[in-house]
Structures are given as structure tokens and as C-alpha cells.
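Novice: Mind having a look at this structure? Questions to follow.
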Amino acid sequence: MIGLTVRQMQYFDALAQTLHFGRAAKLAGVSQPALSAQIAEMEERLNCLLFERGGKTVRMTDEALALQPRIERILADIRDVETTARRGRPTMEGRFRLGIIPTVAPYLLPHVLPELKKHYPSLQLELREAVTASLVEDATSGRLDAFIAALPLEQPAIVTEALFPDRFFLAVPAGDPAFASPPVPPESPALERLMLLEEGHCLREQALAVCGNVRPVAMASYGATSLTTLLQMVAHGLGVTLVPEMAASAAGVMPDLRIVPFQEPMPQRMICMAWRRNKARQDECVELARIIRGLDRAVLAA
Numbered sequence: 001m002i003g004l005t006v007r008q009m010q011y012f013d014a015l016a017q018t019l020h021f022g023r024a025a026k027l028a029g030v031s032q033p034a035l036s037a038q039i040a041e042m043e044e045r046l047n048c049l050l051f052e053r054g055g056k057t058v059r060m061t062d063e064a065l066a067l068q069p070r071i072e073r074i075l076a077d078i079r080d081v082e083t084t085a086r087r088g089r090p091t092m093e094g095r096f097r098l099g100i101i102p103t104v105a106p107y108l109l110p111h112v113l114p115e116l117k118k119h120y121p122s123l124q125l126e127l128r129e130a131v132t133a134s135l136v137e138d139a140t141s142g143r144l145d146a147f148i149a150a151l152p153l154e155q156p157a158i159v160t161e162a163l164f165p166d167r168f169f170l171a172v173p174a175g176d177p178a179f180a181s182p183p184v185p186p187e188s189p190a191l192e193r194l195m196l197l198e199e200g201h202c203l204r205e206q207a208l209a210v211c212g213n214v215r216p217v218a219m220a221s222y223g224a225t226s227l228t229t230l231l232q233m234v235a236h237g238l239g240v241t242l243v244p245e246m247a248a249s250a251a252g253v254m255p256d257l258r259i260v261p262f263q264e265p266m267p268q269r270m271i272c273m274a275w276r277r278n279k280a281r282q283d284e285c286v287e288l289a290r291i292i293r294g295l296d297r298a299v300l301a302a
């Protein structure tokens with residue numbers, strides 16, 4: 001009898017997602033030695049190598065790739081059992097796994113977390129920051145209970161509820177003569193210097209949509225993975241970039257950086273709460289959406 005444990009399968013799943021022992025351990029909420037030991041024991045019980053280690057790189061073997069969809073189904077079934085067992089219990093208690101996109105997380109969470117702690121002290125919130133595609137995949141597979149992202153989310157397995165609009169501003173180098181007289185029209189030739197986040201970030205697609213009249217070939221992409229990195233590049237005169245309203249105040253205090261508005265009607269994105277199309281945790285998702293909508297928008301944008 002092989003005797004694999006649920007814990008081993010969870011650690012396998014975390015390592016298969018990240019292909020990095022340190023990040024997998026953080027995702028699983030354990031130490032790296034503990035995760036490594038369980039993976040090694042799993043390989044011993046299966047009598048096969050699952051992950052090839054080479055310096056700082058980790059690669060899944062053919063055996064691991066064959067096992068991955070089966071293990072994902074088993075873990076999804078276990079999560080469904082846990083969810084079924086929760087029915088009838090009070091909402092907003094126990095573990096709740098929430099995902100959030102990187103261009104929202106650092107600006108929304110400082111306001112949401114104190115409210116949740118004050119009103120629902122028994123809620124054990126587990127957070128994951130990732131791009132939209134990863135959050136959708138994790139929600140549909142049951143690895144997340146809900147996530148916060150920007151509409152549209154054209155996924156039939158996902159239910160969405162609008163939270164609030166988030167207008168777009170433009171971050172430009174301070175003293176740049178091209179932006180001496182805002183507001184900025186969306187067809188401004190100066191937007192040809194627009195810098196974008198790397199592929200996979202929804203803010204990249206939103207920037208392309210906002211500035212659709214500007215030649216895309218002239219738009220510089222430096223493969224930046226965070227808005228903070230792009231803002232630093234703008235401050236050093238390398239270009240301009242789009243800034244959500246919730247990030248505008250923090251960006252505005254950066255030296256050598258200026259935040260200017262677009263012409264009315266100002267472009268915007270709609271932030272939403274999203275979860276898998278089942279009613280198991282719908283009440284908690286709706287309640288969390290209510291709390292977020294109840295936040296003072298002036299404070300959120302400050």
C-alpha cells in the first residue's frame with residue numbers, strides 16, 4: 001500500500017504551481033525543510049522521482065506531470081467535502097482563501113483588513129497575490145474561495161459582483177513639457193512613450209485599451225512586474241505609465257514624478273469580487289463585497 005497523505009499531495013500541488021521550494025513552502029504555510037522532507041517521502045513511497053533539482057531550478061518529471069491532474073482532482077474533492085461540512089455554520093468564520101491582483105492588493109488591503117479584524121475576528125484570511133489568469137484558475141479548481149480583480153472576467157464558471165470604479169491617471173516625469181497643460185487627451189502623441197507591465201497583468205491590457213488611438217508599436221514594454229517599478233522608471237524620465245486612482249496619492253509623493261488627469265470622461269476600470277459558481281461560500285463572498293463597497297472612497301484613494 002502506497003499510503004500517500006493529503007499533506008503530501010498539498011505540498012506536491014504547491015511545488016507544481018511554483019516550481020520553487022521556497023515559494024512552495026510559503027504557499028503551503030510551512031518551512032522549506034518540512035516541505036522538502038514530505039516531497040522526498042512521497043517520491044520514496046511512489047518509487048519514482050517527481051521533481052528534478054538543478055541548482056536554483058526545479059523541473060517536474062514525466063511521472064509528476066502525469067500525476068498532477070489526478071492530485072488536483074483529489075484535492076478539489078477534499079475541499080468540496082470541507083465546504084459541505086461548513087454548511088449550517090456561521091458565515092465569516094474559519095479559513096477563507098482570498099486572491100487579489102497586484103495593482104489592487106497594496107492599496108486596498110490596508111483598508112479592508114482592519115475592518116475584517118474588527119467585525120469578524122474569527123475569520124482566518126489567507127491571501128494570495130497573483131495575476132488574473134492565475135486567480136481564475138485557482139478559483140475554478142477550488143484553491144481559492146474568492147478573488148478581487150478587474151472586470152471583464154468572461155469565465156462561465158466564475159460569478160462576479162462589482163465593487164467600485166477605479167479611474168485612471170497618468171504618471172509623467174515632473175517638469176515634462178508635453179504634459180504642461182493637463183488634462184491629457186487619450187490620443188496625445190506623448191502617450192507613444194507609454195510603458196507597460198509584462199504580459200499577464202490586466203493593467204497592461206487596460207492601458208492598451210485606454211490609449212488605443214496611439215500606435216502600439218511605439219509603446220515601450222520593459223517587462224516590469226510591478227507598478228512601483230514602472231513608476232520609478234517614469235521618475236527617471238524613461239517614459240509615462242497608467243496609474244489607477246487608488247495608487248495615485250502614493251505615487252504622487254514620489255520625487256520627480258507628477259500625476260495628471262485624462263480628459264473627461266476619464267477612463268476607468270471596475271474592480272470586482274469573483275468566486276466559483278457554487279453556493280457553498282457565496283454568503284461570505286457577498287458579505288466581503290459589502291464590506292469593501294462600504295469603505296470610504298475618499299480614504300481609499302488617499
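Under the UniProt record's numbering, the sequence shown has 242 at position 242, and the numbering climbs by one with no breaks. Each residue gets a CB set at the ideal place from its N, CA and C atoms; glycine is no exception.
Would you kindly work out how many angstroms separate the C-alpha atoms of Glu205 and His20, rounded to a whole number?
Specialist: Residue mapping note: residue 205 aligns to position 205 of the sequence shown, counting from 1. Residue mapping note: residue 20 aligns to position 20 of the sequence shown, counting from 1. So the two alpha carbons sit approximately 28 Å from each other.
Novice: List the endpoints of the continuous beta strand (DSSP E) containing Thr57.
Specialist: Numbered from 1 along the sequence shown, position 57 holds the residue referred to as residue 57. Here the beta strand (DSSP E) through Thr57 covers 57-60.
Novice: Can you tell me which of the three DSSP states Ile158 falls into?
Specialist: Within the sequence shown, the letter at position 158 stands for residue 158. Reduced to three states, the DSSP call for Ile158 is strand.
Novice: Under 8 Å between the Cβ atoms of Met9 and Leu75?
Specialist: Indexing the sequence shown from 1 puts residue 9 at position 9. Indexing the sequence shown from 1 puts residue 75 at position 75. Against a cut-off of 8 Å, the Cβ pair of Leu75 and Met9 comes out as a contact.
Novice: Between the C-alpha atoms of Leu227 and Ile100, what's the straight-line distance to the nearest angstrom?
Specialist: Taking the sequence shown and counting its residues from 1, one reaches residue 227 at position 227. Taking the sequence shown and counting its residues from 1, one reaches residue 100 at position 100. Each residue's Cα considered, the two are about 15 Å apart.
Novice: Give me the residue from Leu144, Met60, Leu135, Tyr107 with the minimum Cα distance to Asp80.
Specialist: Residue mapping note: residue 80 aligns to position 80 of the sequence shown, counting from 1. Nearest C-alpha to Asp80: Leu144.
Novice: Would you mind listing the beta strand (DSSP E) stretches within the UniProt domain "HTH lysR-type" (4-61) that are 3+ residues and don't spill past its ends, in chain order?
Specialist: 51-54, 57-60
Novice: How about Gln263 and Pro165: do their beta carbons lie closer than 8 Å?
Specialist: Looking up residue 263 in the sequence shown gives position 263. Looking up residue 165 in the sequence shown gives position 165. No, these two residues do not count as a Cβ contact at 8 Å.
Novice: Indicate whether Leu194 and Val260 have their beta-carbon atoms separated by less than 8 Å.
Specialist: If you number the sequence shown from 1, residue 194 lands on position 194. If you number the sequence shown from 1, residue 260 lands on position 260. Not closer than 8 Å, so no.
Novice: From this set, Thr229, Cys202, Arg277, which residue's C-alpha is nearest Gln268's C-alpha?
Specialist: Within the sequence shown, residue 268 is the residue found at index 268, counting from 1. Minimum Cα distance to Gln268 is reached at Cys202.
Novice: I'd like the list of long-range same chain contacts for Phe147, defined as Cβ closer than 6 Å, with 5 residues on each side in sequence excluded.
Specialist: As a first step, residue 147 is located in the sequence shown; it is residue number 147 there, counting from the start. Once the five neighbours on either side are set aside, the close Cβ partners of Phe147 are Gly99, Leu135, Ala139, Ala274.
Novice: Compare the Cα-Cα distances from Ala150 to each of Arg277, Met270, Arg276, Ala16 and report the closest residue.
Specialist: Start at 1 with the first residue of the sequence shown, and residue 150 comes out as number 150. Nearest option by C-alpha distance: Met270.
Novice: Evaluate Gln124 with the Cβ neighbour count: other Cβ atoms within 10 Å of its Cβ, from every protein chain shown; 16 or more gives buried, anything less gives exposed.
Specialist: Indexing the sequence shown from 1 puts residue 124 at position 124. Gln124 is exposed by the Cβ-count criterion.
Novice: If you draw a straight line from the alpha carbon of Val217 to that of Ala207, how long is it in whole angstroms?
Specialist: Taking the sequence shown and counting its residues from 1, the one referred to as residue 217 is at position 217. Taking the sequence shown and counting its residues from 1, the one referred to as residue 207 is at position 207. Confidence is the limiting factor: at Val217 the pLDDT is only 45, short of 50, which leaves the residue's position unreliable and the question unanswerable from this model.
Novice: Just to confirm before moving on: does the CB-CB distance between Glu287 and Met42 stay below 8 Å?
Specialist: Counting from one through the sequence shown, the residue named residue 287 turns up at place 287. Counting from one through the sequence shown, the residue named residue 42 turns up at place 42. Cβ atoms of Glu287 and Met42: not closer than 8 Å.
Novice: Check Arg204 in the structure and name its three-state DSSP category.
Specialist: Counted from its first residue, the sequence shown places residue 204 at position 204. Residue state, collapsed to three classes: helix.
Novice: If I follow the unbroken alpha helix (DSSP H) through Gln263, where does it start and stop?
Specialist: As a position in the sequence shown, residue 263 is number 263, starting the count at 1. Segment: none, Gln263 is in no alpha helix (DSSP H) and carries neither H nor E.
Novice: Answer yes if the segment 49-67 comes into contact with the segment 18-33, meaning at least three C-beta pairs across the two stretches below 8 Å, and no otherwise.
Specialist: Judged by Cβ distances under 8 Å, the segment 18-33 makes contact with the segment 49-67, as three or more pairs qualify.
Novice: Among Ala34, Ala289, Leu4, which has the Cα closest to the Cα of Val159?
Specialist: For this step, residue 159 is matched to residue 159 along the sequence shown. Looking at the Cα atoms, Ala289 is the closest of the given residues.
Novice: Less than 6 Å between C-beta atoms, sequence neighbours within five positions excluded: which residues of the same chain meet that for Arg128?
Specialist: Residue 128 sits at position 128 when you count from the first residue of the sequence shown. Result list for Arg128: Gly99, in chain order.
Novice: For Leu151, does the three-state DSSP call read helix, strand or coil?
Specialist: Looking up residue 151 in the sequence shown gives position 151. It is coil, neither helix nor strand.
Novice: Can you tell me whether Glu187 is buried or exposed, with buried defined as 16 or more other CB within 10 angstroms of its CB?
Specialist: Position 187 of the sequence shown, counting from 1, holds the residue named residue 187. With fewer than 16 Cβ atoms within 10 Å of its Cβ, Glu187 is classed as exposed.
Novice: How big is the Cα-Cα spacing for residue 312 and Glu126?
Specialist: Only positions 1 to 302 of the chain appear in the structure, and residue 312 is not among them; the question remains open.
Novice: Out of Glu52, Ser141, Met266, point me to the one whose CA is closest to Glu245's CA.
Specialist: Sequence index remark: in the sequence shown, residue 245 carries index 245 (1-based). The residue with the shortest Cα to Cα distance from Glu245 is Met266.
Novice: Can you pull the DSSP bridge partners for Pro121?
Specialist: Your numbering for residue 121 matches position 121 in the sequence shown. According to DSSP, residue pairing for Pro121 in a beta bridge does not occur.
Novice: Where are the beta strand (DSSP E) runs, 3 residues long or more, that stay fully inside the segment 227-253, in chain order?
Specialist: 241-244
Novice: Taking C-alpha atoms, which residue in Gly3, Phe179, His236 lies nearest to Asp256?
Specialist: Position 256 of the sequence shown holds residue 256. Out of Gly3, Phe179, His236, His236 has the C-alpha closest to the C-alpha of Asp256.
Novice: State the CB to CB distance for the pair Arg276 and Gly94, rounded to an integer number of angstroms; the pair is presumed to be in contact (CB under 8 Å).
Specialist: Residue numbering aside, residue 276 sits at position 276 when the sequence shown is read from its first letter. Residue numbering aside, residue 94 sits at position 94 when the sequence shown is read from its first letter. No, Arg276 and Gly94 are not in contact; Cβ-Cβ is about 18 Å, not under 8 Å.
Novice: Using CA coordinates, which residue listed in Glu192, Ala25, Ile291 is at the minimum distance from Gly162?
Specialist: Numbered from its first residue, the sequence shown carries residue 162 at position 162. As written in the sequence, residue 162 is Ala, which differs from the Gly given in the question. Measuring from the Cα of Ala162, the nearest candidate turns out to be Ile291.
Novice: So what does Pro185 bridge to, in DSSP terms?
Specialist: Taking the sequence shown and counting its residues from 1, the one referred to as residue 185 is at position 185. Partner(s): none; Pro185 has no beta bridge.
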